Amino acid sequence: MPHLKVKPFDHTVVDAVLEQSKIMTLHAKSLTSSDEVIGIEHGGEEFLLQLKPDDEVTLLKYDKVTRPLKVNILKEALGRVSDELGLDVLSSNISISSTKQVLSSEYFKKIEDFESMTFPKKKVSVEVGFGSGKHLLYQAQKYPDTLFIGLEIHTPSAQQVLKQIALQNIDNIWVVNYDARLFLEMLPSNICEKIFVHFPVPWDKKPHRRVISTSFLEESMRVLSLEGRLELRTDSNKYFWYALETFFASPTVEVEVRKNEDLEVTSKYEARWKRQEKDIYDVYVKCKKKSEEKQGILDFNFNIVKYRNSLETQLPKEPLVFEGYFVHFERIYKTNDEQLLIKCAFGSFDRPEHKYIILNKKTCRYLVSSPVRTKVNFQAHQKIMELLNV
Numbered sequence: 299m300p301h302l303k304v305k306p307f308d309h310t311v312v313d314a315v316l317e318q319s320k321i322m323t324l325h326a327k328s329l330t331s332s333d334e335v336i337g338i339e340h341g342g343e344e345f346l347l348q349l350k351p352d353d354e355v356t357l358l359k360y361d362k363v364t365r366p367l368k369v370n371i372l373k374e375a376l377g378r379v380s381d382e383l384g385l386d387v388l389s390s391n392i393s394i395s396s397t398k399q400v401l402s403s404e405y406f407k408k409i410e411d412f413e414s415m416t417f418p419k420k421k422v423s424v425e426v427g428f429g430s431g432k433h434l435l436y437q438a439q440k441y442p443d444t445l446f447i448g449l450e451i452h453t454p455s456a457q458q459v460l461k462q463i464a465l466q467n468i469d470n471i472w473v474v475n476y477d478a479r480l481f482l483e484m485l486p487s488n489i490c491e492k493i494f495v496h497f498p499v500p501w502d503k504k505p506h507r508r509v510i511s512t513s514f515l516e517e518s519m520r521v522l523s524l525e526g527r528l529e530l531r532t533d534s535n536k537y538f539w540y541a542l543e544t545f546f547a548s549p550t551v552e553v554e555v556r557k558n559e560d561l562e563v564t565s566k567y568e569a570r571w572k573r574q575e576k577d578i579y580d581v582y583v584k585c586k587k588k589s590e591e592k593q594g595i596l597d598f599n600f601n602i603v604k605y606r607n608s609l610e611t612q613l614p615k616e617p618l619v620f621e622g623y624f625v626h627f628e629r630i631y632k633t634n635d636e637q638l639l640i641k642c643a644f645g646s647f648d649r650p651e652h653k654y655i656i657l658n659k660k661t662c663r664y665l666v667s668s669p670v671r672t673k674v675n676f677q678a679h680q681k682i683m684e685l686l687n688v
């Protein structure tokens, strides 16, 4: 990912340049380490850059939690910050490449877009972890009357599919660069015809990271329309039996199992597995009842929280575990003007949120955006408000 390696410099220059900067919005220093962050507004995006000093070289790089999807925005921001600060660059990888730009941004949707989304087609299907996008693109071309929402946390894969959407002139795919385990809670009830989960990572050593789980099944059944179905396809024997156990733990369920069935479209990995005579399993779970509509809007504002000096030492350093969720204040940064930037993880144990909270005497908010509006995230948010107000 984009970064700069520069000669060590006096970091007070950041504060000196900040007020006149056309791109930098804040400069904050960690209270427990030498790390620093620089706030950026550029290309219609708000994000952070990490500043990691060392005796021989200082690293200026992207921040994983807030990074934008478009890599060129990061590269441009790093270049402009370097110019404004007059840094002596030792090495970099920020040259702009037109071949790596996201070409069809109108089909890229942020998770926040789904808080009040109008769907352009009556039929909707979701594909979880589309990888190369071969199956997703095929389905969209075969069923032009259906909107296909493709979920992929691997950013380069999301970018490649966006390029193919433009090249093939496809208008019924939305790409979401987000975790499917959280995304389904953003959808209305009874809206999907199908949910595809093809060849998910088995996570044999970290089963809590698996896509298929009891909560994922429950959300799938809620968003699926009557007679809609969840389709799992896997080459992992362990994952197959794990999924069956998960599905049959449900009080009422209709499951269909098939083995080594050929689909109309095959990925290069699946073709390789077939040449190796590896078994491939399909498990279909059908939705047999109509779900109630989601009720209420969860409020993730910090209306009653304000900055005070005691917060710097008052916030708990260790993770706090509660029934069904946790809260962990991982790191606290401070600016020169009575403002804190708090990096935190919270929410569900198997699908946590990672966010920054910016807090000063006038306001308190999540940076860059609010958490996904799930019940467990809302519980954690309320606990965070309580801890910030103690």
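Numbering of the sequence shown is given in the working numbering, commencing with residue 299 and proceeding in unit increments.
Here a beta-carbon is modelled for each residue, glycine too, at the ideal position from N, C-alpha and C.
Source: prediction; values computed, not measured.
Subject >> Residues that DSSP places opposite residue 584 in a beta bridge >> reply: DSSP links residue 584 through a beta bridge to 527, 552.
Subject >> Alpha-carbon spacing of residue 618 relative to residue 674, whole angstroms >> reply: When rounded, the separation of the alpha-carbon atoms in residue 618 and residue 674 is 14 Å.
Original post:
Taking contact to mean at least 3 C-beta pairs separated by less than 8 Å, is the region 504 to 524 in contact with the region 618 to 629?
Top reply: Contact annotation: the region 504 to 524 does not touch the region 618 to 629, with fewer than three C-beta pairs closer than 8 Å.
**OP:** Give the straight-line distance between the Cα atoms of residue 429 and residue 449, rounded to the nearest whole angstrom.
**Re:** Whole-angstrom Cα-Cα distance: 9 Å.
Subject >> Own chain residues within Cβ distance below 7 Å of residue 659, not counting five before or after >> reply: For residue 659, the CB contacts under 7 Å within the same chain, skipping 5 residues up- and downstream, are 604, 605, 636 in chain order.
**OP:** Measure the C-alpha to C-alpha separation of residue 344 and residue 530 and round it to an integer number of angstroms.
**Re:** Cα-Cα distance, rounded: 37 Å.
Subject >> Assigned secondary structure, residue 369 (DSSP; H/G/I helix, E/B strand, else coil) >> reply: Helix.
Original post:
Could you check where the beta strand (DSSP E) with residue 306 kicks off and where it finishes?
Top reply: Careful: residue 306 lies outside any beta strand (DSSP E) and carries neither H nor E.
Original post:
How big is the Cα-Cα spacing for residue 557 and residue 579?
Top reply: When rounded, the distance between both Cα atoms is 5 Å.
**OP:** Whole angstroms is fine: what's the gap from residue 438's alpha carbon to residue 644's?
**Re:** Distance from the CA atom of residue 438 to the CA atom of residue 644, rounded to whole angstroms, is 36 Å.
**OP:** Give me the Cβ distance between residue 480 and residue 670, rounded to the nearest whole Å; I'm assuming they're in contact under 8 Å.
**Re:** Separation of the CB atoms of residue 480 and residue 670 is rounded to 5 Å, and the pair is thereby assigned contact status at 8 Å.
Subject >> Burial state of residue 527 (16 or more Cβ within 10 Å) >> reply: In summary, residue 527 is buried, with 16 or more beta-carbon neighbours lying within 10 Å of its beta-carbon over all protein chains present.
**OP:** Please go through the same chain and pick out, in chain order, the residues whose beta-carbon is closer than 6 Å to the beta-carbon of residue 363, but skip the five residues on each side of it.
**Re:** These residues qualify, in order along the chain: 652.
Original post:
Are residue 356 and residue 629 closer than 8 Å when you measure CB to CB?
Top reply: With respect to the 8 Å criterion, residue 356 and residue 629 are not classified as neighbours on the basis of their beta carbons.
Original post:
Hey, out of 309, 565, 507, 509, whose CA is closest to residue 380's CA?
Top reply: Checked all of 309, 565, 507, 509; the closest Cα to residue 380 is 309.
Original post:
In angstroms, rounded to a whole number, what distance separates the CA positions of residue 401 and residue 639?
Top reply: With a pLDDT of 41 at residue 401, under the threshold of 50, the predicted position of this residue should be treated as unreliable, and no value is reported.
Original post:
Rounded to whole angstroms, how far is the Cβ of residue 325 from the Cβ of residue 633, which I believe are closer than 8 Å?
Top reply: Taking a contact as a CB-CB distance under 8 Å, the pair residue 325 and residue 633 counts as one, their CB atoms being some 6 Å apart.
**OP:** Let me know the secondary structure DSSP gives residue 301 once reduced to three states.
**Re:** In the structure shown, residue 301 sits in a strand (DSSP, three-state: E or B).
Original post:
Quick one: does the C-beta of residue 362 sit closer than 7 Å to a heavy atom of the ligand MN?
Top reply: With respect to small molecules bound, the structure shown includes none, and the ligand MN cannot be examined in it.
Subject >> Pair within 8 Å by beta-carbon distance, residue 477 and residue 649 >> reply: Against a cut-off of 8 Å, the Cβ pair of residue 649 and residue 477 comes out as a contact.
**OP:** Give me the Cα-Cα distance between residue 568 and residue 350, rounded to the nearest whole angstrom.
**Re:** Taking the straight line joining both Cα atoms gives about 42 Å.
**OP:** Can you have a look at residue 612 and say buried or exposed, based on whether 16 or more other CB atoms are within 10 angstroms of its CB?
**Re:** With fewer than 16 Cβ atoms within 10 Å of its Cβ, residue 612 is classed as exposed.
**OP:** With a cut-off of 8 Å on the beta carbons, I'd call residue 533 and residue 497 a contact; round off their distance for me.
**Re:** Contact between residue 533 and residue 497 holds, since their C-beta atoms are separated by about 6 Å, short of 8 Å.
Subject >> Whole-Å CB distance - residue 489 paired with residue 422, under 8 Å assumed >> reply: A Cβ-Cβ separation of about 5 Å places residue 489 in contact with residue 422 under the 8 Å criterion.
Original post:
From this set, 501, 368, 369, 475, which residue's C-alpha is nearest residue 431's C-alpha?
Top reply: For residue 431, the nearest C-alpha among the options comes from 475.
Subject >> First through last residue of the alpha helix (DSSP H) which encompasses residue 351 >> reply: From DSSP, residue 351 is part of no alpha helix (DSSP H); its letter is neither H nor E.
**OP:** Measure the Cβ-Cβ separation of residue 690 and residue 631 and say whether it is below 8 Å.
**Re:** Absent from the structure is residue 690, since the part of the chain shown begins at 299 and ends at 688.
Original post:
residue 543: buried (16+ other C-beta within 10 angstroms of its C-beta) or exposed?
Top reply: By the neighbour-count rule (16 or more Cβ atoms within 10 Å), residue 543 is not buried but exposed.
Subject >> Chain-order list of residues whose beta-carbon lies under 7 Å from that of residue 624 (same chain, five-residue window excluded) >> reply: Take residue 624, set aside five residues on each side of it, and the residues of its chain with a beta-carbon closer than 7 Å to its own are 617, 618, 644, 647, in chain order.
**OP:** In angstroms with no decimal places, state the Cα-to-Cα distance between residue 680 and residue 593.
**Re:** Taken atom to atom, the span from the alpha-carbon of residue 680 to that of residue 593 is near 19 Å.
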